[in-house]
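A.B. asks: Pasting in a structure now, in structure tokens, and then I'll have a few things to ask.
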Amino acid sequence: MSEQLYSISIEVNGERREALVAARLTLVDFLRDSLRLTGTHAGCEHGICGACSVLLDGEPVRSCLMYAVQADGRSLITIEGLALPDGTPGALQDAFCEAHALQCGYCTPGMIIAAHALLEANPAPDEREIREAIGGSLCRCTGYQQIVDAIKLAAGKRTENSA
Amino acid sequence: MNTLVTQAFRYIGKKRRTKEDPRFVTGHGRFVADIALPGMKHVALVTSPHAAARIKAIRVERALASPGVQYVLTGAELCAETEPLQVGVDAPKVLRYPLAHGVVRYSGEWVAAVVADSRALAEDAAEKVEVDYEPTEYVLDPEKAIEPGAALVHPLHGSNILYRRKFVWGPVDDDFARAEHRLALRVRWGRSASVPIETFGVAAQWDPGQQLLDVWASIQMPKYPDQTARSLRLPGNAVRVHFDVDVGGSYGVKRGIKHTVLVGFLAKRLGMPVRFIEDRLENMRGGDMHGPDRIFDMQVAFDSDGTIRALKMRALDDVGAYAGRSPLQLGKPVGAIVGPYQIHSVEYEPISVLTNKTAQEAVRGFGQSPTNYALESIIDRVARHLGMDRVALRKKNFIRKDQFPYLIPSGTTYDSGDYHTVLDKALAAADYPALVARRDAARKTGRLAGIGIASCLEPSGANSSFEPLFNPKNDTTTWMDSCLVRVDLSGSITGVMNTSSAGQGHETLVATVLGEVLERDPDTIRVVHADSLTALPSNSPVGSRMAIMLGGAAAGAARKIKAALLAIAAHNLKKAVSELEYREGSVGVKGDAKRSLSWAELVAIAHRKFHLLPPGLEPGLQAKFVWEVPTGGGLPTADGRIQMYPCFSFEAHLVLVEIDPATGQPKLLRYVCGHDCGVMINPDIVHGMTYGGIAHGIGAALYEKFAFSDNGQLESQSFMDYLIPTALEVPEISIVDHCTPSPLTSFGQKGSGEAGYLGAPAAIACAINDALDPLGASIAELPMTPLAIWMQMQTARAGGKRSPP
Amino acid sequence: MKAVSFEYARPATLAEACELLAAYGPDAKLIAGGQSLVPMMAMRLARPAWLIDISRLAELQRVAMPGDLPADRDGVFLVGAGVRQCVIEGDALARAHVPLLARALRWVGHAQTRNRGTIGGSIVHADVSAEIALVACVLDATLELRDTSGLTAVPAREFFLAPMITSIAPEQCLAEIRFPLWSDPGRETVRGCAFDEVSVRHGDFALVSACAQLVVDAGGRCMRAELGVGGVGPVPLALPEIGAHLAGARLDEQTIAAAADTAANMIDPEGDLHASADYRRHLARVLVERVLRAAKEDAMRNLMEKPTA
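Residue numbers (my numbering), protein chains in the order written: chain A, 1 to 163; chain B, 1001 to 1805; chain C, 2001 to 2309.
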């Protein structure tokens, strides 16, 4: 007796991916185990730590709180998709390196997704807005300070580049 | 090895991007849950719902028949086939195995393990395992647990006291009799822990052809491969631990020896690769990664002028139902028992107690943060008693800069420090008079505001002599680390480190040190992790030791390489080494620019021109360096005096807090930390860990608690109830650095992995108490939740006494 | 933490969804945003055999103003149950016409959960401290429940029965929530509102929450008031009696304090890990005072900004 499988088609990082999945397969497990995109991490599986965040149609969501079947027909970007087309880190990721905004790296993909979404919506956030945007992502290593610095740095570079 | 504080470093101390960050920001870390072995099976656990019970029967038939199930393992089989896990104290009857056998001793304890084709299928089957329990008596309160008649957690051990000793260092009773004042205080450090965002995970695969068990784990643990092999009854060289797995945070707790023995056993038994990733509930309830849970009863003897003469401290710690190294967390503070103060004599009575709760494991600082909290709390009480300024009282009692190296009553010598200057720097950075004015202005408008000051030591270097101190049968005095450096035929440099990393930037540390000594760009230096079969001896990153020990080992190995290069040059330039100078990898004759050999030429001679190699020098260009912790190697005296950690970093915290007088909610408004860890090899890495340590300390002070109900159920078993600070709870933090180099290390560096955490709870507790003081209220227990603060405020308003002594 | 196996359907219409619910009965659960349901399923506390996905039903996405609907004396602001929280949070019309709802949303979870969580989902989940449920009760919203036999309208104040238990039948789907609009108070009166809560960390479940909506005149006299508290009982608690009592009164500190005292004495909260019963009662008093004061200040601000006729 095996589980019923459902056919899904999801655009992930610009590429259409099709699969047959059990309904109870969460989106985070689908990304990690089925697509082998292991950059998205599971830290709690109950929607609090934010390590599993991805962009769903451009908005940050917790992928542990969705089933893959619910994402059928939708478009996702994961941390792997935030690199530049040639694979080098994007400006935000580079800012995280410059400010040393990470240590163990486990919360980092979710943090970057949240930061990316913030800067897309609000290119010049103040400290309070930055902390609120990452307020749903737990970090145990950094105390958040260098993460806030990295986001400010990235915001500054955006302004420079668009000036 | 000494330091030149005025020496200009080439790479050390300079801003440098880390080697590790790029892979993580692109999602290319390699954590244990990312490792998929072909044919890999998955584990889910059946856990005890009872705090204590006899296991009458376990029926696994329905589970075995569940789809995708490979095996169901119970304690009966596992305990017969493996050796019990090691306890850090002498308690042979306190047996611990990965699965319960016959009895369960805490709610959440692992009773059976189901192996299936997927984690989901394993969980489905785990629900079908039937266990008949007969609940028995249990004890949850550690003070009740040591009373006669208490239910025994391990009846064969005869009591619930796992360890107890009273140390008396110096004429304590005399000093108390002669002092002008005495006061007593009880404080309580609530049970919290490191709780990294990645839970523990382990994958294992048995190769019958090679008779070899490969292990990948999210591990941070001394002697892990050895203990794994021992429990599995394998020779040490039949276990290969891969230290190149990225560990998603640890700060002490990732000591998953029971998970590893379980998974290793299953992998070998089933002949299939097996992986177990704790889910968050398994981790919180049964991962055995809780932290110190400690009641301090203290007395202090002091004079009217503020001189603190003597200290008595009883520390009663609730380790839960089992113990690994956890009781030793009462031992490490012995090495800094007087904090930064010149206290003449000390009586210290650690008591490690068993209760029917989740077991404790090493948490960042290994007991030092709770001890600092206790010390700073009583220091503040002394100040209040005398009506003396808290800064002045501390400064009066600080060990002075000119007194180092300074021997404390318990036998440890502090290497170097300048506590007055660090505190002054912190006060200046905070603009202390303005901070006081801000607090006082807030109070005038009816708000509750307080300033907390904490001056605390961070012992570093991990000479873990608390092992023989607490267990004379364990005469371990070797606390070593190592590095191997290779320069290959092309002239590239590779450093090999011999343990795992969890975000501390070890690869960057080693590359920077190698680059410094060899005068080669660290960006060109690669650092890799050995596995346990190819590794040189290491004791893993614990006790803030790696900057000292791994840094020192890298420096030692690099110096050997440098010496070899000089020898080759001397031989080929026909000069004595003293007539040569080493410049960024090339070696030339002093004063003769034309006579030199380049790096490439020297490397070529080393690797392939044996005819030009000096006699006696090994071909190739590689060196290893293994060394013992400085000042280590000694055993304790009969009265328990011992040199513990070698190097002492120091931190001075200043916090401004406000409490909402209506709701009791605290808010941190200003946070300054003065920090001295000697020479910083990479400032961004050190600062990052300090910010993180402070955030972790904020959690322990205000939010985090593993709370148990009256019937032994863990009430905070997920992130819904175990509250980790977010970016909105952690304020902006100002760190101001100072450097008193250590005379014991290669560049003057001291350790710093526990910075911030060791002083933040003390500082915040002092601030909250300063804020409550005008109400006549106080709080002597962590965490200081809004409810807890409000209750103290209510007690004071109703005319009740200040929170005891 | 993997859910128990289930089957999944994504019906194209609300009618189909109701048919599926009727067919599968209590073994089926509706899922929209899933922010509350999925964690419960992960912990195996919820174990539906069927999950019916209604998140894409256009019929549940309506946000409608009076004028879009048949005229009423006091119009309604209609929110489809499947409308995501982030949509209302950012909706100018919602902020203008049901500002209390928009303000409450700031306290609901985190931005990421508001990107998926729905207005209706939060109401049906009925967590004791749910902010949206409290607003629905305080504003005396009407909930429209659908099943295969048609429509049932239930006042929000009668919908919540116990923690996480509502009067919704297994075969019913919450379709719309109708928030009564408070008709333009007139030239010399203004509306104000406030939502506040105490939680341990920012974004956590509220220990206690409170909200109020008032109409006051230029002199600070209350013409109409509604208020309520959450987290102090098994269900969100609207306090219409206190609201009625405030009508006609000057909202001075004494009156506000008296109203808060009355509220504190009416409730019978429970204690748990984070808050004792006494503490909750105390917080209720504090928060009722705060929201009444803040709602009045909000009204006075609106008065200043109101264009004169």
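Backbone N, C-alpha and C fix where the C-beta goes; we use that ideal spot for every residue, glycine too.
So if I threshold CB-CB distances at 7 Å, which residues from the stretch 91 to 102 of chain A count as touching chain B?
C.D. replies: Of all residues in the stretch 91 to 102 of chain A, 93, 96, 97, 98, 100 and 102 have a Cβ within less than 7 Å of some Cβ in chain B.
A.B. asks: Rounded to whole angstroms, what's the CA-CA distance from residue 1253 of chain B to residue 1531 of chain B? Just pull it up for me.
C.D. replies: 21 Å
A.B. asks: Please list, in chain order, the residues of the stretch 1178 to 1197 of chain B that have any C-beta partner in chain C closer than 8 Å.
C.D. replies: none
A.B. asks: Kindly indicate if chain A contains any beta-carbon less than 8 Å away from that of residue 2072 of chain C.
C.D. replies: Interpretation of residue 2072 of chain C is limited by its pLDDT of 49, a score under 50 that renders its predicted location unreliable; no figure is taken from the coordinates.
A.B. asks: Which complete alpha helix (DSSP H) runs does the stretch 1681 to 1724 of chain B hold, if anything under 4 residues is left out?
C.D. replies: 1683 to 1698
A.B. asks: Can you tell which of B/1081, B/1086, B/1183 and B/1075 has the C-alpha that lies nearest to the C-alpha of residue 1111 of chain B?
C.D. replies: B/1075
A.B. asks: Could you tell me which whole alpha helix (DSSP H) segments of length 4 or greater appear in the stretch 1624 to 1686 of chain B?
C.D. replies: none
A.B. asks: In three-state DSSP terms, what is residue 2165 of chain C?
C.D. replies: strand
A.B. asks: What three-state label does DSSP hand residue 1749 of chain B in the structure shown?
C.D. replies: strand
A.B. asks: Can you give me the C-alpha to C-alpha distance between residue 1502 of chain B and residue 1779 of chain B, rounded to a whole angstrom?
C.D. replies: In a straight line, the C-alpha of residue 1502 of chain B is about 35 Å away from that of residue 1779 of chain B.
A.B. asks: Give every residue of the same chain whose Cβ lies closer than 6 Å to the Cβ of residue 1201 of chain B, excluding the five residues on either side of it in the sequence, and list them in chain order.
C.D. replies: 1032, 1033, 1218 and 1277
A.B. asks: As a quick exercise: from B/1356, B/1310 and B/1423, pick the residue whose alpha carbon is nearest that of residue 1672 of chain B.
C.D. replies: The shortest Cα separation from residue 1672 of chain B among B/1356, B/1310 and B/1423 belongs to B/1423.
A.B. asks: So, with DSSP's three-state summary, where would you put residue 2228 of chain C?
C.D. replies: strand
A.B. asks: Is DSSP giving residue 1738 of chain B helix, strand or coil here?
C.D. replies: strand
A.B. asks: Are the C-beta atoms of residue 2008 of chain C and some chain B residue less than 8 Å apart?
C.D. replies: no
A.B. asks: Assuming contact is defined by CB atoms lying nearer than 8 Å, are residue 1016 of chain B and residue 1761 of chain B in contact in what I supplied?
C.D. replies: no
A.B. asks: Under 7 Å Cβ-Cβ, which residues of chain C neighbour residue 1123 of chain B?
C.D. replies: 2002
A.B. asks: Using the C-alpha atoms, what's the distance from residue 1625 of chain B back to residue 1556 of chain B?
C.D. replies: 6 Å
A.B. asks: Out of curiosity, what's the CA-to-CA distance linking residue 1453 of chain B and residue 1763 of chain B?
C.D. replies: 5 Å
A.B. asks: Cβ closer than 7 Å: which chain B residues qualify as neighbours of residue 11 of chain A?
C.D. replies: In chain order: nothing, as chain B lies at least about 18 Å away.
A.B. asks: Return the CA-CA distance between residue 1606 of chain B and residue 1561 of chain B, expressed in angstroms with no decimal places.
C.D. replies: 11 Å
A.B. asks: Does the stretch 1404 to 1418 of chain B come into contact with the stretch 1737 to 1751 of chain B, if we say contact requires no fewer than three beta-carbon pairs (one atom in each stretch) closer than 8 Å?
C.D. replies: yes
A.B. asks: Taking the alpha-carbon positions, what's the residue 2007 of chain C to residue 69 of chain A distance?
C.D. replies: 10 Å
A.B. asks: Which of the three DSSP states is assigned to residue 111 of chain A in this structure?
C.D. replies: helix
A.B. asks: In chain order, what residues of the same chain have a beta carbon less than 7 Å from the beta carbon of residue 1701 of chain B, not counting five sequence neighbours either side?
C.D. replies: 1760, 1761, 1764, 1765, 1782, 1783 and 1784
A.B. asks: Determine, for residue 2090 of chain C, whether the minimum Cβ-Cβ distance to residues of chain A falls below 8 Å.
C.D. replies: no
A.B. asks: Could you check what DSSP says for residue 2016 of chain C in three-state terms: helix, strand or coil?
C.D. replies: helix
A.B. asks: In chain A, which residues lie less than 8 Å from residue 1691 of chain B when you measure between Cβ atoms?
C.D. replies: 142, 143, 144, 145 and 146
A.B. asks: Per DSSP, what are the beta-bridge partners of residue 1452 of chain B in this structure?
C.D. replies: B/1655
A.B. asks: Where does residue 89 of chain A sit, in a helix, a strand or coil, going by DSSP?
C.D. replies: For residue 89 of chain A, the secondary structure class from DSSP, reduced to helix, strand or coil, is coil.
A.B. asks: Between which residues of its own chain and residue 2119 of chain C is the CB-CB distance below 7 Å, once the five residues before and five after are set aside?
C.D. replies: Once the five neighbours on either side are set aside, the close Cβ partners of residue 2119 of chain C are 2079, 2081, 2083, 2085, 2088, 2132 and 2177.
A.B. asks: Can you tell me the Cα-Cα spacing of residue 15 of chain A and residue 74 of chain A, whole angstroms?
C.D. replies: 12 Å
A.B. asks: Could you work out which residues of chain B lie near residue 2 of chain A, taking near to mean beta carbons separated by less than 7 Å?
C.D. replies: 1067
A.B. asks: Does any residue of chain B have a CB that is nearer than 8 Å to the CB of residue 48 of chain A?
C.D. replies: yes
A.B. asks: Say whether the stretch 1185 to 1204 of chain B touches the stretch 1126 to 1136 of chain B, bearing in mind that this needs 3 or more beta-carbon pairs closer than 8 Å, one atom from each stretch.
C.D. replies: When C-beta atoms of the stretch 1185 to 1204 of chain B are compared with those of the stretch 1126 to 1136 of chain B, fewer than three pairs fall below 8 Å, so the two segments do not count as touching.
A.B. asks: Chain C beta carbons: is any one of them nearer than 8 Å to that of residue 1707 of chain B?
C.D. replies: yes
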